[in-house]
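Peer 1:
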Amino acid sequence: MAQVLATPGVYIEEKSAFPSSVVAVATAVPAFVGYTEKALRGNKSIINVPTRITSLGEYHQYFGGAPKVTFEVAEDEKEQFSLTVNSATKYNLYNNLRLFFANGGSTCYIVSVGNYTGGVKAGELNDEENEGGIKTLLKEPEPTMLVIPDAVLLEKADCYSLQQAMLQHCGLDMRSRVAILDVYDGDKPRTMAEDDVINQFREGVGNNFLQWGAAYYPWLNTTIVSADDVNFTNVSNADGLAGLLTKEVDEMLKNEEIKEKRAELIKAEIALLSNADADVVTLHQTLSAVSPLYKAIMGDIRNSLNVLPPSVGMAGVISMVDNSVGVFQSPANVSVGSVVKPSVNITNTIQEDLNLPLNGKAVNAIRSFPGKGVLVWGARTLDGNSMDWRYLSVRRTVIMIEQSLKAATEAYVFKPNVVNTWVTVKGMMTNFLTDQWKKGALAGSSPEDAFSVDVGLGVTMTPTDILDGIMHISVKLAVVRPAEFIVITIQQQMQKS
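Numbering follows UniProt numbering, with no gaps: position 247 of the sequence shown is 247.
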C-alpha cells in the first residue's frame, strides 16, 4: 500500500525480493479408526472426533490402554488344551498402534468410534447416517493414509464393504490420501482354490479407486504383547482352567513327579482362581512356577494376541521411510520391527501371483529372509495394471506435489489474471519442483528433463478462459520409479591375451 507523503521527513518502504514459496505438505500422517478404552479430553468426550497425537503416551492420556481379550480354555483329546477367543472382547487398534510406533511412526490421527463393549460394528466404523467413523475425516486435510485394523474383525462381507468405502473415501471424496488394507483371514496360507484368502480379497475389494489403496499379506507374529501383559484373567472360564490344572496335578502325583503334600499346596493355589479377591500378580507368578500346563496356556494366549494384521505396522514403516528419505522412496526392502516372523511363509512362486495377477490387484508380500529378517517385499498399489499408478511411491509422491501446489496457489485466487501473476506462479512452482528434483523425487539429468510448468495466454489459456476467470496451469512430472526387477546379464568372452 502506497504511503501518504504529507509530513516532511524520511519514509521507509520495504519491497519483497523473493516470490512466495511452496511448502511441501506432510506425507507421514496416517489416520486410524477404531475402538479405544475411553475417549476423553479432560471431561469432554472425543468419540468420533479426529484427534492428533504424536506418541503412545499421548494416546494413553486421551484413549486409555489395551482391551482385556478373553479366551475359553477346554480339554482337547489331541492336545492338552484348546483355546477359543471370545470375539466380542477382541479389538485390534491398541496393539497395532504399538506396532506403528515401534516401526518409526510418529504423528497420527485417532478416531475413536466407541469403547470396549459390544464388539466391532461396521455401522460405527463407517457411520454414514451420523457422519461418524471414516466420515469424520472429510473435514481433516492433514492425514495422508487411512487405516482401520478392526475391519478384519467384522464378518467377511462387512469387511469388504468397509474396505471399498475406504477406497472411495480416498479416491473420490478426498483424493489426498491412500488406504492401507489388510487381507481378511490373512494369517492363513494360500490354497489357490475358490476359498483362497487372496482370491477372495481381490473379489471383495471391488474394482473402483484401486490406485488409492495398497494391501499387505500375511499377518505378522509380533513381540508387542509381552508375558507380563497376560495372566489368568484372560481366561473367561476360571472353573475350566482350574479343572485342567487340577487334572495335571493328579497326573504328576500319579507319576510320582511330586509329593502329596506339594500337590495339596498347588491345588490350594488353583482353588484361588475362583476367588475374586486373590492377588492377580502373586497367583499368576505362583502358577507359572509350579504348573507347566498353566505356563503353556499363558504362552498360547500371548502368541494369539501377538498375531496382528500388518496395515498399521506398515503405516509406521511408510512414515519412517518418508521421514528418513522421502515420499518418493518405495517403502520396500525395509525391515519390520518387533516382528518374529510372518504368519505364513511366502516363497518366490507364491509371490508371483501376489505381485503380478492378471487382474492387476497386487498384494504386497511381507517375507522372511535368512540373515536379513522380516522385510517388506512389495511396493505396488492395487492398480497393478496401470502404467501410471502401479507403484505406491509414485501415487503418494504425486499426491504430495498436487496438495503442495494447491495450497500455495490458493493465495492467488482473485489475483489479477495477468502476465505478472502468471510469471510469479510459474516461478514459485518451478522453484519447488527444482527442489524436489534435487532431493531425488523427479527423474532427469536437469530440471528441464524432470518437469515443466506452463501457464499463459495462448499457452494454457484462451481469451474466453480469462473472461470466465479461469487460470489454467499445466504441470508435467517425471516421477522416479523403483527398480523392482534387477536383471544382470553375464556371458563368457574369449580370452584376449
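The beta-carbon is built from N, C-alpha and C at its ideal position, and this holds for glycine as well. All of these numbers come straight from a predicted model, not from anything done at the bench.
(1) Here's a check: name, in chain order, each residue in its chain whose Cβ is nearer than 8 angstroms to the Cβ of residue 500, leaving out the five neighbours to either side.
(2) Using alpha carbons as the reference points, say which of Ala441, Ala443, Val459 lies closest to lysine 426.
(3) Distance, Cα to Cα, glycine 123 vs glycine 171?
(4) Between which two residues does the alpha helix (DSSP H) harbouring aspartate 158 extend?
(5) For alanine 362, does the count of other Cβ atoms within 10 angstroms reach 16, so buried, or fall short, so exposed?
(6) Would you say the stretch 150–157 touches the stretch 74–83, given that touching needs at least three Cβ pairs under 8 angstroms?
(7) So, alanine 296 versus glutamine 80, is the Cβ gap smaller than 8 angstroms?
(8) Using 10 angstroms around the beta-carbon of serine 112, count the other beta-carbons present and answer buried if the total reaches 16, otherwise exposed.
(9) Rounded to the nearest angstrom, what separates leucine 272 and glycine 119 at their Cα positions?
(10) Applying the 10 Å Cβ sphere with the 16-neighbour rule, what's the burial state of serine 16?
(11) I need the straight-line Cα distance from arginine 98 to asparagine 92, nearest angstrom please.
(12) Where do the N-terminal and C-terminal ends of the beta strand (DSSP E) with valine 475 fall, by residue?
(13) With distances taken from CA atoms, which of Asn115, Gly114, Phe100 is nearest cysteine 108?
(14) Would DSSP call valine 281 helix, strand or coil?
(15) Starting from glutamate 264, trace the alpha helix (DSSP H) in both directions and tell me its first and last residue.
(16) In three-state terms, what does DSSP make of tyrosine 116?
(17) Which word fits arginine 396, buried or exposed, when buried means at least 16 other C-beta atoms lie within 10 angstroms of its C-beta?
(18) Going by DSSP, what residue range makes up the beta strand (DSSP E) through valine 85?
(19) Would you call methionine 387 buried or exposed, if buried means 16 or more other Cβ atoms sit within 10 Å of its Cβ?
(20) What is the residue span of the beta strand (DSSP E) that glutamate 72 lies within?
(21) Report, in whole angstroms, the separation of the C-beta atoms of phenylalanine 63 and asparagine 86, which I expect to be a contact under 8 angstroms.
(22) Hey, quick one: how far does the beta strand (DSSP E) through arginine 202 stretch, first residue to last?
(23) Might you give, ordered along the chain, the residues of its own chain that have their beta carbon closer than 8 angstroms to the beta carbon of proline 149, omitting 5 neighbours on each side?
(24) Quick one: measure Cβ to Cβ for glutamine 168 and asparagine 208, integer angstroms, because I've assumed they're closer than 8 angstroms.
(25) Taking contact to mean at least 3 C-beta pairs separated by less than 8 angstroms, is the stretch 36–51 in contact with the stretch 135–144?
Peer 2: This is what the structure gives:
(1) No answer is possible for residue 500: the residues shown for the chain start at 1 and end at 497.
(2) Numbered from 1 along the sequence shown, position 426 holds the residue referred to as residue 426. Closest option to lysine 426, Cα to Cα, is Val459.
(3) As a working note, residue 123 is residue 123 in the sequence shown. As a working note, residue 171 is residue 171 in the sequence shown. In a straight line, the C-alpha of glycine 123 is about 21 angstroms away from that of glycine 171.
(4) Here the question's residue 158 lines up with position 158 in the sequence shown. Unbroken alpha helix (DSSP H) run through aspartate 158: 156–168.
(5) Position 362 of the sequence shown, counted from the first residue, corresponds to residue 362. Burial call: buried.
(6) no
(7) Sequence index remark: in the sequence shown, residue 296 carries index 296 (1-based). Sequence index remark: in the sequence shown, residue 80 carries index 80 (1-based). In contact: alanine 296 and glutamine 80 (Cβ atoms closer than 8 angstroms).
(8) Position 112 of the sequence shown, counted from the start, is the residue given in the question as residue 112. Result: buried.
(9) Numbered from its first residue, the sequence shown carries residue 272 at position 272. Numbered from its first residue, the sequence shown carries residue 119 at position 119. For leucine 272 and glycine 119, the distance between alpha carbons rounds to 30 angstroms.
(10) For the purposes of this step, residue 16 is taken as the residue at position 16 of the sequence shown. Exposed: under 16 other Cβ atoms inside 10 Å.
(11) By 1-based counting over the sequence shown, the position of residue 98 is 98. By 1-based counting over the sequence shown, the position of residue 92 is 92. When rounded, the distance between both Cα atoms is 11 angstroms.
(12) Your numbering for residue 475 matches position 475 in the sequence shown. First-last of the beta strand (DSSP E) with valine 475: 473–477.
(13) Walking along the sequence shown from the start, residue 108 turns up at place 108. It is Phe100 whose Cα lies nearest to the Cα of cysteine 108.
(14) For the purposes of this step, residue 281 is taken as residue 281 along the sequence shown, with counting starting at 1. Three-state result, valine 281: helix.
(15) Stepping through the sequence shown from its first residue, residue 264 is reached at position 264. Taken as a continuous stretch (DSSP letters only), the alpha helix (DSSP H) holding glutamate 264 covers 260–271.
(16) The sequence position of residue 116 within the sequence shown is 116, counting from 1. Correct three-state label for tyrosine 116: coil.
(17) On the sequence shown, residue 396 is found 396 positions in, with the first residue counted as 1. With 16 or more Cβ atoms within 10 Å of its Cβ, arginine 396 is classed as buried.
(18) Looking up residue 85 in the sequence shown gives position 85. Unbroken beta strand (DSSP E) run through valine 85: 81–85.
(19) Position 387 of the sequence shown, counted from the start, is the residue given in the question as residue 387. Classification for methionine 387: exposed.
(20) Against the sequence shown, residue 72 aligns to sequence position 72. Start and end: 71–75.
(21) Counting from one through the sequence shown, the residue named residue 63 turns up at place 63. Counting from one through the sequence shown, the residue named residue 86 turns up at place 86. Actually they are not in contact, since the Cβ atoms of phenylalanine 63 and asparagine 86 sit about 22 angstroms apart, beyond 8 angstroms.
(22) As a working mapping, residue 202 is identified with position 202 in the sequence shown. Premise fails: arginine 202 lies in the alpha helix (DSSP H), 197–204, not in any beta strand (DSSP E).
(23) Stepping through the sequence shown from its first residue, residue 149 is reached at position 149. Within the same chain, proline 149 has close Cβ partners Phe32, Gly34, Asn92, Leu93, Asn96, Asp182, Leu308, Pro309, Ser311, Val312.
(24) Position 168 of the sequence shown, counted from the start, is the residue given in the question as residue 168. Position 208 of the sequence shown, counted from the start, is the residue given in the question as residue 208. Indeed they touch by this definition, with Cβ atoms about 7 angstroms apart.
(25) yes
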